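Chains A, B and C, in that order, are what the protein sequence lines are. FYI, the UniProt record's numbering numbers position 311 of the first sequence as 311, with every residue one higher than the one before it. FYI, the UniProt record's numbering numbers position 218 of the second sequence as 218, with every residue one higher than the one before it. FYI, the UniProt record's numbering numbers position 476 of the third sequence as 476, with every residue one higher than the one before it.
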Amino acid sequence: MSSIARLLRAREAGILVMLVLFALVVGLIQPRFLTAETLRIVLLAVPLIMVAAMGQMMVLVARHVDLSIGSILGFSAIAAGMIFRDHPDWPLFIGFGVALLSGALLGLFNGLVVTLFKLPSIIVTLGTLSLYRGLLFILSGSKQIDPNDIPEPLIKMAQTSPIDIPWIVIIAFGVALATHVFLTYSQIGRQIYAIGSNPAAAPLRGIRVMPVTILVFTLSGALAGLAGIIYAARFGYVNPGITGVGFEFTVIAAVVIGGVSINGGVGSVAGTVLGVLFLGAVQVALPILGVSGFWQNAIYGGIILIALVIDRTVRQGGLRGLLARGGA
Amino acid sequence: MSTIESPRPAVILREAAKPRPRWQVILVRPETVTFLLLIIATIVATRLSPFFADLGFILESSTYYVEFAIVALVLTIVIISGEIDLSPAAQMALSACLFGTAYRAGAPIPVAILVSLVSGLAMGAFNAFFITVLRLPSIIVTIGTLILYRGLAQVLAGDKSIGSFPGWFVGIDYRMIGIVPVPVMIFIIASVLLGLFLGITILGRQIYQIGTSEVAAIHAGIRVRRIKFGLFLASGLTSSIAGLLTASRLGSVRYDLASGGELTMVLIVMLGGTYIFGGRGSILGTFLAAWLLVIIATGMTVANIAINAQLTVMGLLLIVSIIATNAIYARSQR
Amino acid sequence: MSATGPLVSARGISKSFGGVEVLRNVDLDLMPGEVHALLGENGAGKSTFSKILAGVHKPTRGTLSLAGQPVEIPSPIAAQRLGITLIHQEPISFPDLSVAENLVIGQVGARPLGRVRWAALAQEAKRLMALLDVPIDVTKPMRGLSIADQQMVEIARALASDSRLIIMDEPTAALTPKEVETLFKIVRRLREEGRTIVFISHRLEEVRAICDRVSIFRDGDRIETAWTADLSDAEIIRRMIGRPVADYLHRGTSHVGAVALSVRDLTLPGRFEGISFDVRKGEIVGLGGLVGAGRTDVARAIFGVAPASSGTISVDGKPVTINEPSDAIALRIAFVPEDRAIAGIFRSLPVETNITAAVPEKIAPRGIIRRATEKLLASQSVEKLSIRLASVRQPIGELSGGNQQKAILARWLLSDPEILILDEPTRGIDIGVKAEFYDMIGELAASGRAILLISSELPELLALSDRILVMSEGRLTADIPRAEASQEAIMFAAVPRSGRHTVSGAAA
């Protein structure tokens, strides 16, 4: 393990350096960027992305991709929001349960279609991106969940907690920690890496590719569902036509920046967390620098492409290593 | 049985599997299924509303989808070659916004059109560079450029629309050749030309070969990278043309022009029976699928199904069509 | 036989792929505590048989029993449960995982949610590697390991699995003699522990050194099972190829003309270095060596698939630049690649399309395909090479391997080449068709073509070549004239002398 860790740590170190450099450069131009207040804003901005990014990372490690998470987020947020609106007396955790469960079910459907019919996940989830969005319009009757329907305690979770760090931040880092433990210390976690590293060899090695892959998509869906309720907490409303639209691209950008390889088999929680923080920093820095918010998507797109090229270069170095036949 | 050249039929069983009967080869094809669905959909739609018996109504209602259908023709060829391009809708938006910006800056319309077409080529070349030179997978590269291109369109146009184009430029969907609106005519002509290109030219043949096995194509001396580069250029150029058609139809451009179009395009191609893993498919299938989609979508609108809820059907249709196409091809392959 | 019954009994095992039968009615018993060799030429069915035992393929017909109990082995997982491990011919690995993880991942008994104990894992991995006497850092990722090292990890994995039956499919192909010796030591110990080893190899001396019994396969049939000591080498070879070796013998020295292809100092770092040789018109130059020695890379460089980074190639005495295959084709070079299924055929496309793939200008002079011309060219080729098929419109994937290969050869003959590079042209081909290929290759040379023949089958190299070049670890290590060529001479030059490259560029 330690050597892979070394390699990954090298990648992560690179991202960390990028993040620090970025902060310094922005800070040089606008000193007020380098304040605790900025850190607070960044930390508040990232839980949504971070939770979903953990799911997407697992999907990418297994050499798949999930484009439907934005719609899943929207669906779960609506589902939970409707519970809150129609049953204000029910306890909060039921809303959480509904969000997680509905996300998991939609993710399960993705996983089933991809594995049962052996289809490319990108096309399947492009289809379900549209399918789930349509379903959420039908479910909600195209009506928004208004701010006064979102319970007060939920809103509070986006603002504070007993230890003064907002609950949603604690939840996000908790999810990251749990994902790390799962991926590093469980047999299934390691099998996800194995499947992504060499899908053809996995069944020959006795790995049950299908259930593991289905699990990965289900987890990705459930985490997108959790992101849905975080959305409701943070923004205080859920709109069927807005909530989660284009969210998948933000998350993919974060994960790819975090050094997760689109070729599968490579990726770590630490890298992903850094990728998410980097994206959050960019988001917060733009208005401070006086750059129009319209630039955000163009920058994300550019960052994805740059990350791809970097990943490619790293791989090539690895390839050369593979070809060199060292004498035993 | 078809022609038998073997001198010793007795050994055939050991040397080669029996070929499938000809009727099966012709009938069990995704295009046939698309055609049958088209007929069924038309019948159902005519029952639903007498409007559908009127060809003019169908042609008119097709103008919204025909822009995507034109790009889908090129996308079909891209997918047959074993690649994919998810960025055309974003390319439509960016090239249209460039057109609008150039016009607003005082350029005459022909110059603005030229700007838009050149930008289409440039975006195609940019995609192609990542895919054929850096050899990155097209599926993820075009996700990146999809975000980038639409992001740039947003930078260019903000959240406002650019409009007030001269009257002669606006409303191309109302100009008719006979009873056929101009964009639909362009689609029909492009279908015929691209169908011939794919069907009878050596380049078309080589595209199928690349999609069937890229490695074998390289070993047979086919210039794989050059051909793929050309395909992405064509995709960019076609997208900018489609963007201009959209600008003319709407009379204005916004950064969110053709948003979600990548789904519609992929849906048309998949519905037409093109194999998602490359090597199989046809322009005929895509042509039929475009009309199938027009009838289904218009039918839903006539039946008062909200446009948002229609997303459900489109998504489901996409998934069902890849499953069906895959099943048909899996049957014919051992 | 002995007091205990057989561990494995196979009865009437048959297997077909796409209508082509590759294994016919095979009966075989494997005893506990024996090392059993499966011998046969490539495509004889021995690998298919072992994959059936390991649950990779399901037999079309026939039954298996394990320790007297009838069993079905539907998957590799089921095989592992039953205590059967297959060491694959080409080592399979997860390049992003560490060596230690590769040793245990997917192992039976590991609970899905069970914890991965990294420290214990590393400890066990180190113990296994020490057993095999391989100094590999088990914490490093597999990516970057040499083929030989990967093979050793694969073997270590089998040891860790504690299996009753271990099948080794050509485990020694990439190993050094010292590593082979270590492997044999382990195999002997496993035998003493009462385990059964199935050993597949092409090297008879290895079979003699370690195997108690041999089973010989030919063309999908099990021809014979016997004690190793009871058969002479010549008898084994005769049973493998079905007729005396002498039949293959060379067509006689032909007229060798001017130099057609000449390479000097061809180098692609990490693949091959300083390769220099000539091939003359009418000459068949053999190129031998172990798997992974870089032979295919040299061929791919000459043909422009993966060009060399330095060195020169000359055709008919003139230096040329070959950046991609189309350049090579324009210089009338043809290349029949080793991996037919991937680099040769277009599986789902008609035979005629496959045959005419390299001559677009012949079937479409102005860019438009002329169907009649295409059909004519294809039918002529089919007749000339007697390719057996039902129709030229049939997908090539429906043909047998030999006929597919004939179609690929036909493709290149249409391009009218002066220089032919044939990479393992008879791999996976029926014995009868093989003989046809030998005749064709001979005729091509006799008509003045220069031929570079890459082959791992020593009898084939010896029978056909005028001269044999040998590569080892990316360098040319020998240039053996026909008169002095022998299996021993080739093997001597092919075996890596790790670290010390004393012999280099032979033609210089």
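Don't be surprised by glycine CBs; every beta carbon is placed ideally from N, CA and C. Given the structure is predicted, the values throughout are model-derived calculations rather than measurements.
Cβ shell of residue i (< 7 Å), same chain only, five flanking positions each side left out
i: Pro32 (chain C); result: Thr4, Leu7, Gly194, Thr196
i: Thr246 (chain B); result: Glu67, Met92, Ala96, Leu257, Ala258
i: Val245 (chain C); result: Caution is warranted here: a pLDDT of 47 is assigned to Val245 (chain C), below 50, making its placement in the model unreliable, and no coordinate value can be reported.
i: Leu34 (chain A); result: Ala23, Gly27
i: Lys178 (chain C); result: none
i: Val433 (chain C); result: Gly402
i: Val291 (chain C); result: Ala173, Ala174, Ser456
i: Tyr208 (chain B); result: Ile80, Gly279
Of the listed residues the options, nearest to residue i (C-alpha basis)
i: Lys228 (chain B); options: B:Met314, B:Ile131, B:Val115, B:Phe51; result: B:Ile131
i: Pro269 (chain C); options: C:Leu469, C:Pro307, C:Ala341, C:Ala158; result: C:Pro307
i: Gln151 (chain C); options: C:Phe217, C:Ile329, C:His88; result: C:His88
i: Gln187 (chain A); options: C:Arg117, C:Glu192, C:Tyr438, C:Ile136; result: C:Arg117
i: Asp327 (chain C); options: B:Gln206, B:Leu75, B:Ile172, B:His219; result: B:His219
i: Pro203 (chain A); options: C:Arg61, C:Asp29, C:Pro74; result: C:Pro74
Neighbouring residues, chain A, relative to residue i (Cβ below 9 Å)
i: Met314 (chain B); result: Gly127, Ser130, Leu131, Gly134
i: Ala309 (chain B); result: Gly134, Leu135, Phe137, Ile138, Ser142
i: Phe130 (chain B); result: Leu305, Leu308, Val309
Residues near residue i by beta carbon distance below 8 Å, same chain, minus five either side
i: Leu233 (chain B); result: Leu121, Gly124, Ala125, Ala128
i: Leu261 (chain C); result: Asp278, Val279, Ile302, Ile313, Ser314, Val315, Ile333, Ile419, Ala450, Leu452
i: Gly271 (chain A); result: Leu8, Arg11, Glu12, Ile15, Gly258, Gly259, Val260
Simplified DSSP state of residue i, which is helix, strand or coil
i: Pro91 (chain A); result: coil
i: Arg213 (chain C); result: strand
i: Met471 (chain C); result: strand
i: Thr4 (chain C); result: coil
i: Ala260 (chain C); result: strand
i: Thr35 (chain A); result: coil
i: Arg295 (chain C); result: helix
i: Thr321 (chain C); result: coil
i: Glu457 (chain C); result: coil
i: Val28 (chain B); result: coil
i: Gly82 (chain B); result: coil
i: Phe84 (chain A); result: helix
Under 8 Å from the C-beta of residue i: neighbouring residues of chain A
i: Gly114 (chain C); result: Ser186, Gln187
i: Gly106 (chain C); result: Gln191, Ala194, Ala202, Arg205, Gly206, Ile207
i: Leu136 (chain B); result: Leu308, Val309, Arg312
Amino acids of chain B, ordered along the chain, whose beta-carbon sits closer than 8 Å to that of residue i
i: Val124 (chain A); result: Ile319, Ile322
Chain-ordered neighbours of residue i on chain C, where CB pairs are closer than 8 Å
i: Ser220 (chain A); result: What Ser220 (chain A) touches in chain C: nothing, since even the nearest Cβ is about 18 Å away.
i: Asn198 (chain A); result: Ile92, Ser93, Phe94, Pro95
Chain-order list of residues whose beta-carbon lies under 6 Å from that of residue i (same chain, five-residue window excluded)
i: Val238 (chain A); result: Ala77, Ile78, Gly81, Ile145, Ala232
i: Val285 (chain C); result: Val279, Leu452, Arg467
i: Arg234 (chain A); result: Ala158
i: Trp227 (chain C); result: Arg213
i: Pro151 (chain A); result: Phe84
i: Leu194 (chain B); result: Leu73, Ile283
Listed by chain order, chain B residues near residue i by CB distance under 9 Å
i: Leu24 (chain A); result: By Cβ distance, chain B contributes nothing, its closest Cβ being about 25 Å from Leu24 (chain A), past 9 Å.
Chain-ordered neighbours of residue i on chain C, where CB pairs are closer than 7 Å
i: Asn148 (chain A); result: Ordered by position in chain C, no residue passes the 7 Å Cβ test against Asn148 (chain A), which lies about 43 Å from the chain.
Proximal chain B residues relative to residue i, where beta-carbon distance stays under 7 Å
i: Phe117 (chain A); result: Ile323, Asn326
message = Residues of the stretch 258-280 of chain B in Cβ contact with chain C at a cutoff of 8 Å, in chain order, please.
response = Taking 8 Å as the Cβ-Cβ cut-off against chain C, the residues of the stretch 258-280 of chain B that qualify are Gly279, Arg280.
query = In the stretch 267-301 of chain A, which residues sit with their C-beta less than 8 Å from some C-beta in chain B, listed in chain order?
reply = Within the stretch 267-301 of chain A, the residues whose Cβ lies closer than 8 Å to some Cβ of chain B are Ser292, Phe294, Trp295, Gln296, Asn297, Ala298, Ile299, Tyr300, Gly301, listed in chain order.
task = Using a Cβ-Cβ cut-off of less than 8 Å, list which residues of the stretch 191-208 of chain B approach chain C; keep chain order.
result = Going along the stretch 191-208 of chain B in chain order, one finds Ile200, Thr201, Ile202, Leu203, Arg205, Gln206, Tyr208 with a Cβ nearer than 8 Å to chain C.
ask   = Going along the chain, which residues of the stretch 307-338 of chain C sit with their C-beta nearer than 8 Å to a C-beta in chain B?
value = Answer in chain order: Glu324, Pro325, Ser326, Ala328, Ile329, Phe335, Pro337.
task = Below 8 Å between beta carbons is the criterion; list the residues of the stretch 423-457 of chain C that meet it against any residue of chain A, in chain order.
result = So nothing in the stretch comes that close.
message = Output needed in chain order: residues of the stretch 238-267 of chain A with a Cβ under 7 Å from some Cβ in chain C.
response = Going along the stretch 238-267 of chain A in chain order, one finds Gly265, Val266 with a Cβ nearer than 7 Å to chain C.
key: chain C contacts from the stretch 210-230 of chain B (Cβ-Cβ distance under 7 Å)   = Shown in chain order are the members of the stretch 210-230 of chain B whose Cβ falls below 7 Å from a Cβ of chain C: Thr212, Ser213, Val215, Ala216, Ile218, His219, Ala220, Gly221, Arg223.
task = Check each residue of the stretch 138-169 of chain B: if its Cβ is closer than 9 Å to any Cβ of chain A, include it; give the result in chain order.
result = Going along the stretch 138-169 of chain B in chain order, one finds Ile139, Ile140, Val141, Ile143, Gly144, Thr145, Leu146, Ile147, Leu148, Tyr149, Arg150, Gly151, Leu152, Ala153, Gln154, Val155, Leu156, Ala157, Gly158, Asp159 with a Cβ nearer than 9 Å to chain A.
inquiry  = Beta carbons nearer than 8 Å to chain B: which residues of the stretch 343-360 of chain C have them?
reply    = Result list: Ala343, Gly344, Ile345, Phe346, Arg347, Ser348, Leu349, Thr353, Ala357, Ala358, Pro360.
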